[in-house]
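Protein sequence lines, in the order shown, are assigned to chains A and B.
Heads up, the final residue of the first sequence is numbered 662 in this note's numbering, and it's a clean run with no missing numbers.
Heads up, the final residue of the second sequence is numbered 662 in this note's numbering, and it's a clean run with no missing numbers.
Here a beta-carbon is modelled for each residue, glycine too, at the ideal position from N, C-alpha and C.
Number of protein chains: 2
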Amino acid sequence: MNWGVFEKSIGPRARLIHNALSARSIAVSAPYELPTGSLTVMALIDANPGSSQAELAGLAGLATPSMVGIIDELEKRELVTRIRSSTDRRRNDIALTDKGHELMTALFAEVSRIEDPIKDALGAKDLKLLVDLLDRVVASLK
Amino acid sequence: MNWGVFEKSIGPRARLIHNALSARSIAVSAPYELPTGSLTVMALIDANPGSSQAELAGLAGLATPSMVGIIDELEKRELVTRIRSSTDRRRNDIALTDKGHELMTALFAEVSRIEDPIKDALGAKDLKLLVDLLDRVVASLK
DNA sequence: TATTGTTATACTCTATAACTATA
DNA sequence: TATAGTTATAGAGTATAACAATA
Numbered sequence: 521m522n523w524g525v526f527e528k529s530i531g532p533r534a535r536l537i538h539n540a541l542s543a544r545s546i547a548v549s550a551p552y553e554l555p556t557g558s559l560t561v562m563a564l565i566d567a568n569p570g571s572s573q574a575e576l577a578g579l580a581g582l583a584t585p586s587m588v589g590i591i592d593e594l595e596k597r598e599l600v601t602r603i604r605s606s607t608d609r610r611r612n613d614i615a616l617t618d619k620g621h622e623l624m625t626a627l628f629a630e631v632s633r634i635e636d637p638i639k640d641a642l643g644a645k646d647l648k649l650l651v652d653l654l655d656r657v658v659a660s661l662k
Numbered sequence: 521m522n523w524g525v526f527e528k529s530i531g532p533r534a535r536l537i538h539n540a541l542s543a544r545s546i547a548v549s550a551p552y553e554l555p556t557g558s559l560t561v562m563a564l565i566d567a568n569p570g571s572s573q574a575e576l577a578g579l580a581g582l583a584t585p586s587m588v589g590i591i592d593e594l595e596k597r598e599l600v601t602r603i604r605s606s607t608d609r610r611r612n613d614i615a616l617t618d619k620g621h622e623l624m625t626a627l628f629a630e631v632s633r634i635e636d637p638i639k640d641a642l643g644a645k646d647l648k649l650l651v652d653l654l655d656r657v658v659a660s661l662k
């Protein structure tokens with residue numbers, strides 16, 4: 521692949537990888553009929569229970585209006601609880617229900633298989649190296 | 521950053537990086553009033569002159585209909601030439617004009633600065649490592 | 001019958017602006 | 001005056017389907 525002047529650029533490569541993975545992820549998740557980003561948000565709620573919608577949006581890299589529809593649907597399906605904070609009644613404290621945790625686990629098991637070709641190509645060691653490098657990139661763009 | 525079950529996943533990180541870089545790239549490129557993807561396409565034409573639109577679309581990871589509008593605008597601005605192949609009259613052979621090469625160089629100089637924070641955070645050595653790892657990921661998803 | 005380029009169309013993802021209720 | 005959540009809206013990016021010209 522000859523990228524010309526982009527030979528050493530991250531941007532076009534991030535775009536290609538993102539597009540390929542998100543297309544596959546959408547296809548795998550379709551039967552669940554959840555809004556896009558739901559799995560990411562459920563994983564973040566699981567890892568950071570009691571977060572507000574704004575905090576989750578910040579973690580997920582989404583605007584807060586995008587979070588509303590996701591939480592609406594997850595709440596309707598009884599996958600998360602959205603409870604007005606007693607100490608600050610503007611806030612919603614979001615938590616995963618048992619049912620939500622189950623569904624997250626099941627869906628993640630399917631979605632994570634999408635990255636199997638990457639694991640196979642890189643091996644565990646280089647994959648960890650890549651993840652660490654990407655985290656440093658993410659931090660540098662904050 | 522606690523990603524929960526996505527702790528070792530490439531997908532969410534690729535999404536965050538792509539979103540951050542593309543938003544900045546759109547802002548920097550806006551004064552040029554070119555269709556999105558034009559710089560990528562010009563770089564690919566420069567590196568692979570005489571390619572067809574379909575070949576360029578394949579390289580750029582775009583659908584061929586997306587390429588039509590990009591080439592339309594680039595041709596109108598006299599940045600590329602679109603010539604019916606004499607050996608296969610279905611094909612357009614695409615090449616960059618001198619003017620196109622100049623504009624590509626100038627725009628790339630601006631856009632590439634977007635990745636300066638990444639370079640600063642990683643250093644030349646780790647950046648090269650990252651690019652090579654990403655190329656292996658891209659190849660694994662073909 | 002297959003392929004290149006094209007047109008028309010639609011959908012996904014994401015953001016911005018303006019509002020409300022609370023602080 | 002500022003913040004959390006919400007509603008309404010718009011735009012960027014990309015894809016699919018159907019078609020004409022050519023192979």
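{"Item": "Straight-line gap, D613(B) to R604(B) (C-alpha atoms, nearest Å)", "Value": "6 Å"}
{"Item": "Outcome for R533(B) when other beta-carbon atoms lying within 10 angstroms are tallied against a minimum of 16", "Value": "buried"}
{"Item": "A574(B) versus G581(B): straight-line alpha-carbon distance, rounded", "Value": "10 Å"}
{"Item": "Closest residue to D608(B) among A629(B), S571(B), I634(B) (Cα-Cα distance)", "Value": "S571(B)"}
{"Item": "Nearest-angstrom Cα separation, counted from L564(A) out to A615(A)", "Value": "10 Å"}
{"Item": "For I590(B) and V561(B), believed in contact at Cβ under 8 Å, the rounded distance", "Value": "5 Å"}
{"Item": "Beta-carbon proximity of T601(A) to E593(A), cut-off 9 Å", "Value": "no"}
{"Item": "Cβ of M624(B) within 9 Å of any chain A Cβ", "Value": "yes"}
{"Item": "Spatial neighbours of I634(B) in its chain, beta-carbon cut-off 7 Å, leaving aside the 5 residues before and after", "Value": "L541, R544, S545, V548"}
{"Item": "Contact the stretch 636-647 of chain A vs the stretch 648-662 of chain B: 3+ CB pairs below 8 Å", "Value": "yes"}
{"Item": "Residue range of the alpha helix (DSSP H) that includes I537(A)", "Value": "531-549"}
{"Item": "Beta strand (DSSP E) runs wholly inside the stretch 576-607 of chain A, at least 3 long, in chain order", "Value": "600-604"}
{"Item": "Those residues which DSSP pairs with R616(B) across a bridge", "Value": "Looking at the sequence itself, residue 616(B) is Leu, so the reference to Arg does not match. For L616(B), which the question treats as bridged, DSSP gives the partners V600(B)."}
{"Item": "Chain A contact for P532(B) (CB, 9 Å cutoff)", "Value": "yes"}
{"Item": "Contact set between the stretch 598-615 of chain A and chain B, restricted to residues whose Cβ is under 9 Å from the partner", "Value": "none"}
{"Item": "Cut-off 8 Å between Cβ atoms - residues of its own chain near L647(B), not counting five sequence neighbours on either side", "Value": "I638, K639"}
{"Item": "Residue environment, R535(A), which counts as buried when at least 16 other CB atoms sit within 10 Å", "Value": "buried"}
{"Item": "Minimum Cβ-Cβ distance from L642(A) to chain B less than 9 Å", "Value": "yes"}
{"Item": "Proximity of G524(B) and A567(A) at Cβ, strictly below 9 Å", "Value": "yes"}
{"Item": "Segment limits, alpha helix (DSSP H) that includes V658(B)", "Value": "636-660"}
{"Item": "Beta-carbon spacing of I537(A), H538(B) below 9 Å", "Value": "yes"}
{"Item": "Pair within 9 Å by beta-carbon distance, L599(A) and L653(B)", "Value": "no"}
{"Item": "CB contact check: D566(A) to chain B, cutoff 9 Å", "Value": "yes"}
{"Item": "Backbone secondary structure at T625(A) - three-state DSSP", "Value": "helix"}
{"Item": "Proximal residues of chain B, C-beta to C-beta of E635(A) below 8 Å", "Value": "S529, I530, G531"}
{"Item": "Exposure of A577(A), with buried meaning 16 or more beta-carbon neighbours within 10 Å", "Value": "buried"}
{"Item": "Closer than 9 Å to chain A by CB, D655(B)", "Value": "yes"}
{"Item": "Range covered by the alpha helix (DSSP H) that runs through M521(A)", "Value": "No alpha helix (DSSP H) contains M521(A), which DSSP labels as neither H nor E."}
{"Item": "Whole-angstrom C-beta distance between L642(B) and R656(A), which should lie under 8 Å", "Value": "6 Å"}
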